[in-house]
Structures are given as structure tokens and as C-alpha cells.
Amino acid sequence: MKKRIFLGLRNCRIEGALKILLFFGLAVIAGIFSAEGVFGKSNVEKEKKIVVLDPGHGGADIGAKGQDGAVEKTIALTIARMLLTELESRYRVILTRADDLEVDSADRTAKANTEKADLFISIHTSASFLREASGVEVFVFETPPGQMPAKEEKKIKTWDRVQITHKKESREFAEALLNSIAMTGTEVRLHSAPLVVLEGADMPAVLLEIGQLTNPLDEKKLRDTVELTVIAKAIATAVLEFLK
Ligand SMILES: [Zn+2]
């Protein structure tokens, strides 16, 4: 009886040792596959800089609408997808919405912050009271007057208006965009405004308003895939210049 108990214990120990070996064996195999990107992101993928593209509006929120029926939410998504194609070989590109969905402003920047993105680009089209208004507007964030004294800027700990701490780089990227888009012959202007979608972005961030849907000529361009590709390529050039 004693001997049987002893043998039982020994079998138990052997079984335990085998389980440990099996565990480590599986861990090593998983490690190898993970390093090659089978189960997880490969090291190369992890090292890629992250660009978050934010197609404005979506779902019931259609944004601006042109005379001929062009809709801002659709154009923004089309340009974002074009940019994804242009950039995805060099960067990890994340879209805040990949479909026709309504997304809250705060969730858009929260996604970029959680992913620790290197760049945030919000994509919109514009609508103006002036029918002749045309071209691309580049916006960077600016604090509403009197809300945040300059000396307080460095003390910001939360995402609340954290964009202020990236003011310099955001403007640098905006300048790269101005140069690159101007090369296509498109009129381009820089503005600063207290935009909600930019204020919580904890990385360089801009908002683009591509074309004026109230201008019939701009609307025609915004419905033309070739014209949109030219703009998408110009934005991609600025991204490459800024993140090099
Ligand atoms: Zn918009």
C-alpha cells in the first residue's frame, strides 16, 4: 500500500514536470510565432509610427451638403481611405471610423491618445456663406481667449486641452501641408481656432477642410476621384516630410 502511494506520488511529480515542460515549450513556440507576426504584431509593425485619420461626421451627422448632392461625411471617408492607401506601407494607419458611423468628438481623439499616435488628422470639407470661397483650409488648435493663461500650459495633466502642449509641432505639420497642397495649384490657408475635436489630442494634430461644398466648382472637384487623389497624395507628402 505504502509502495503504491509512493509510486502514485512519483507519477504525479513526473506528470507535473511534463506539464511544466509542455507549458514552456508552448510559450517558446508562441514567442517565435509572435515575433513573426502570426499571433501578434511583428516588431517591424510595432516600430512603425502611428497616424490616426479622422473622417469627420458620419451616420446621421452628414456634415455639409453641396447643391449637387455631394455629402461631407462621404467625401471625408473617401479621402481618408485614399490616404490610408498612400500611407499604410510606411505607417500604422488607424481610422477613427472606417464606415458610415456616428462617432463622438471626444472618442475620436481618445482613440488617437490610447493608440499613442504620432499624428492626428481630422478630415472635413467646408461650407461657406461666400459662394466664391474655395480651396483647402488647415486648422490648428488655439485656446479660447482668457481660458488658459500661458504659464498654466505646462501643468496640464489630463487630455483637457492637452493639444496646447503640441502647438509648435502641430503648426510645423500645418506648414508642411500648406507647402505640399499649394504645389497642386490649390488655394490653401492656415487658421487657428478652439476646435473641440483637436483640443484633447495628445500629439501633433490638425483639422483639414478640403474644398467648399457651397462652391459649385469645388463640389465638382470633390466628386472627382482623380482630383481627390491629387489632394490625398499632397497630404501624404506632408506626412512623410513631417514624420521623417
Ligand atoms: Zn465638418
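Count along the sequence shown from 1, then add 52; that gives the number in this note's numbering.
Glycine included, each C-beta is placed from N, C-alpha and C at the ideal position.
Residue i: first and last residue of the uninterrupted alpha helix (DSSP H) it sits in
i: T195; result: T195 -> no alpha helix (DSSP H), and no H or E assigned at all.
i: V291; result: 277-295
i: V96; result: 95-99
i: L229; result: 219-234
i: N165; result: 157-166
i: E154; result: That residue, E154, is in no alpha helix (DSSP H); it is neither H nor E in DSSP.
i: D270; result: 268-274
Rounded C-alpha distance that separates residue i from residue j
i: E279; j: K273; result: 6 angstroms
i: G118; j: V96; result: 43 angstroms
i: G111; j: T126; result: 10 angstroms
i: T177; j: V188; result: 8 angstroms
i: Q264; j: E99; result: 37 angstroms
i: T281; j: A128; result: 12 angstroms
i: D276; j: V103; result: 25 angstroms
i: A116; j: P246; result: 20 angstroms
i: D113; j: D152; result: 10 angstroms
i: K285; j: P197; result: 35 angstroms
i: H218; j: D170; result: 11 angstroms
i: E271; j: D212; result: 35 angstroms
i: A290; j: A226; result: 9 angstroms
i: E261; j: S94; result: 35 angstroms
i: G252; j: T130; result: 25 angstroms
Bounding residues of the beta strand (DSSP E) (the contiguous stretch that carries residue i)
i: V261; result: What sits at residue 261 in the sequence shown is Glu, not Val. E261 -> beta strand (DSSP E) spans 257-264.
i: L250; result: Unbroken run through L250 is the alpha helix (DSSP H), 248-251; no beta strand (DSSP E).
i: T177; result: 171-178
i: R144; result: 144-147
i: L242; result: 240-245
Proximity below 7 angstroms, CB of residue i to CB of residue j
i: V305; j: R160; result: In the structure as shown, the chain begins at 53 and stops at 296. Residue 305 is therefore absent and cannot be evaluated.
i: D254; j: V214; result: yes
i: K101; j: L229; result: no
i: I175; j: P107; result: yes
i: V155; j: T148; result: yes
i: L105; j: I216; result: no
i: S244; j: E194; result: yes
i: L136; j: V190; result: no
i: A179; j: T238; result: no
i: A288; j: E140; result: no
Minimum Cβ-Cβ distance from residue i to chain D less than 7 angstroms
i: T137; result: Structure shown: chain D not included; a single protein chain is present.
Pocket of ligand 1 defined by Cβ to heavy atom distance under 6 angstroms: Here the list is G108, H109, G115, E124, H176.
In the stretch 106-139, which residue ranges form an unbroken alpha helix (DSSP H) of at least 4 residues, counting only runs that do not cross its ends? 124-139
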